[in-house]
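If you read the sequence shown in our numbering, its first letter stands for residue 6, the second for the next number, and so on.
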Amino acid sequence: MRTIAMTAVVTMTILSAGTRASAQSAQCAVTEIVATNDKQGFDPRLERLRGKLSKPPFSAWDTFRLMGDSAAPAEKSRPTAVKLASGGTMTLVFKDKLVTQGGKPRLRFGIDKDSKEGKRTLSTVVVFDSGDAILFSGEPYGNGTYILALSCTSP
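So, in structure tokens, the structure goes:
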């Protein structure tokens, strides 16, 4: 009887550890965009972001060009560095998976972005729905404005 109880405890521990491990990670996509008023249209590779980019404040621009797209796996509480096409780096820290809202879990991330010169240009903590994208903009880039989109999913 004691062996059966011990086996049940070990089995439950292994199963719950597997569940925790899958909930302790996220898959992220980092998309870099340059927005201008060059009347060049919308880069078709940005179609998944068209809904967000066609609303204010982004509707102030008429041209969106993809600069770079990177995949970034994120483990809870471990910094993940992403090399950006703009020459800088972004560091993501997956902080928490929060209570589900409307069927989707909400994710909390720390984000630091450094320019190619090493200057910190962004440092924030954000909360967003798993699978949704959050956009940061305002930094001049060439003859346009640099936009950084972050989208992450977690089971």
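Here a beta-carbon is modelled for each residue, glycine too, at the ideal position from N, C-alpha and C.
Owing to the predicted nature of the structure, the values given are computational and were not obtained by experimental measurement.
- By the CB criterion at 8 angstroms, Cys157 and Ala76 fall outside the cutoff.
- By the C-beta criterion, the segment 55-72 is judged not to be in contact with the segment 94-112, since fewer than 3 inter-stretch pairs fall below 8 angstroms.
- Burial state of Thr129 is exposed, judged by a 10 Å Cβ sphere holding fewer than 16 other Cβ atoms.
- Taking the Cβ atoms as the reference, Leu112 lies roughly 6 angstroms from Ser159, within the contact range of under 8 angstroms.
- If you check the CB distance, Gly147 and Val39 come in under 8 angstroms.
- Rounded to whole angstroms, the separation of the alpha carbons of Glu144 and Lys88 is 17 angstroms.
- Here DSSP, grouped into helix, strand and coil, assigns Lys60 to coil.
- For the options Gly115, Leu54 and Lys81, the alpha carbon positioned closest to that of Val131 is the one of Gly115.
- Only residues of its own chain outside the window of five on either side were considered, and among them Leu71 have a CB closer than 7 angstroms to the CB of Arg50, listed in chain order.
- Note on Asp43: under 16 other CB atoms within 10 angstroms of its CB, so exposed under the neighbour-count rule.
- Taking 4 residues as the minimum length, the segment 58-137 contains no alpha helix (DSSP H) run wholly inside it.
- Here the alpha carbon of Ser82 sits roughly 33 angstroms from the alpha carbon of Lys60.
- The Cβ atoms of Lys121 and Ser91 lie closer than 8 angstroms to each other.
- In the three-state reduction of the DSSP assignment, Pro49 falls in the helix class.
- In the DSSP assignment, Gln32 is bridged to Pro78 and Thr158.
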